[in-house]
Amino acid sequence: MDVLTNGYLDRSEDSVQTALERILSVPFHKKDWGGELNDLYTANMLINGARHETAFLLKGNGLRSQTMEIKHCGVNGDQILRLCNSLAKLLMVQFVGRISEAIVSDIDGKVRLACPQGRDAWYCIMDGQDTARVLRAYGDL
Numbered sequence: 024m025d026v027l028t029n030g031y032l033d034r035s036e037d038s039v040q041t042a043l044e045r046i047l048s049v050p051f052h053k054k055d056w057g058g059e060l061n062d063l064y065t066a067n068m069l070i071n072g073a074r075h076e077t078a079f080l081l082k083g084n085g086l087r088s089q090t091m092e093i094k095h096c097g098v099n100g101d102q103i104l105r106l107c108n109s110l111a112k113l114l115m116v117q118f119v120g121r122i123s124e125a126i127v128s129d130i131d132g133k134v135r136l137a138c139p140q141g142r143d144a145w146y147c148i149m150d151g152q153d154t155a156r157v158l159r160a161y162g163d164l
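Counting in my numbering, the sequence shown runs from 24 upward without gaps.
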């Protein structure tokens, strides 16, 4: 059984992705590889009754760290940049533990740069506690 300890949920990226795919009714499983724009992309995210294209950056317990830092985001630290290059309106950064303020600042800056150029984009940070809440609400925890 998964246990949330000190804000850390000991779960693999693949199991979190599979749970989110089920929750969002995504009928296929996207295999993880190093150069993708995102780990999960869907237009099935409902916000106030409206569908929104959503791209996820997912990190599980394979990171072997309690806190996700920019250096953990791709070999070149460019995974957030690649996520922001997705055409999604909502950009989700998910990790099973703490997410550093540097990551929040990085994605916030990138989204703010996109908005003046006419792109309507938002971001959401989903740490270990948030991940556990969502999985528990949908019966996956």
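C-beta: ideal position from N, C-alpha, C; glycine also.
- With 16 or more other CB atoms across the displayed protein chains lying within 10 angstroms of its CB, residue 118 is buried.
- When only Cα atoms are considered, residue 84 and residue 75 end up about 28 Å apart.
- Counting only unbroken stretches of 3 or more residues, the beta strand (DSSP E) elements lying wholly within the segment 97-159 are 113-118 and 145-149, in sequence order.
- Annotated as proximal: residue 115 and residue 80, with beta-carbon spacing under 8 Å.
- Taking C-alpha positions only, residue 33 is separated from residue 95 by approximately 17 Å.
- Put simply, the backbone Cα of residue 123 is about 10 Å away from that of residue 89.
- Spanning the alpha carbons of residue 160 and residue 26 requires a straight line of approximately 15 Å.
- In the three-state DSSP reduction, residue 82 falls in the strand class (E or B).
- In this structure, the alpha-carbon of residue 140 lies about 34 Å from that of residue 152.
- As the crow flies, the alpha-carbon of residue 150 is around 6 Å from that of residue 121.
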